[in-house]
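Undergrad: Take a look at this one; I'll ask things after.
Residue numbers (this note's numbering): 11 to 96.
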């Protein structure tokens, strides 16, 4: 589950979300979310306030990271379109 949320500045000055995940065995992991993943996470959790994420399932974080990653994959695919007719 999401144990703790912290807002930090990225190297480019855009805010990032640092999420502490806590697992059933007591282990913890820090996950950094870029702006896109953060917006996706907040939307899927149905909130605008990052503090409301505490106690939510880690799956929301996983899905937000996947969505963020997929947007780059979609950009790569569009760059590789067939241009043989040009």
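For glycine and all other residues, C-beta sits at the position ideal for the given N, C-alpha and C. Quick caveat, the model's predicted, so the values are computed rather than measured.
#1: Which of the three DSSP states is assigned to residue 50 in this structure?
#2: State yes or no: is the C-beta of residue 12 within less than 8 Å of the C-beta of residue 45?
#3: Cβ of residue 40 within 8 Å of Cβ of residue 70?
#4: Candidates 61, 64, 62, 49: which alpha carbon is nearest residue 73's?
#5: Mind checking who residue 31 pairs with in its DSSP beta bridge?
TA: So, from the data block:
#1: Residue 50 falls in the helix class under three-state DSSP.
#2: no
#3: no
#4: 49
#5: 12, 39
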